[in-house]
Amino acid sequence: MKERPTAIFAFTDIIAIDIKRAIEESGLKIPRDISIMGFDDIDAASRVYPRLTTMRIPKEEMGRLALKRLYETAGGRDSMPMQVVLPVNLVERETVRKI
């Protein structure tokens, strides 16, 4: 690329960790040369170095709502699509450079 990005936001932490590895293998430093951020805050996000900045999602609440919806649908009560919005929280660690 003529101009590399200043940051990458991956839609999962696993993908962010793989991208982080590729960036480091190319000789670039995180976050000095490029920032990276994931989404879902898996355990490995806090165990890699530098530790991955990510968005924490309410996994237990998502599971509870999914199971409730499954029971409703299986019971024939409601099969219409629905939208649920749950809060996420930024977990600032070490892979995003401060500007």
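Take 872 as the starting number for the sequence shown in the numbering used here and just add one per residue.
We treat Cβ as the ideally placed atom computed from N, Cα and C, and that holds for glycine.
These figures come from a predicted structure and were not determined experimentally.
- In this structure, the beta-carbon distance from isoleucine 894 to isoleucine 886 does not fall below 9 Å.
- One alpha carbon belongs to arginine 964, the other to alanine 878, and they sit about 15 Å apart.
- DSSP, read as helix, strand or coil, puts serine 906 in strand.
- Per DSSP, the unbroken alpha helix (DSSP H) holding threonine 944 starts and ends at 930-945.
- Proline 921 and methionine 908 have their alpha carbons spaced roughly 11 Å apart.
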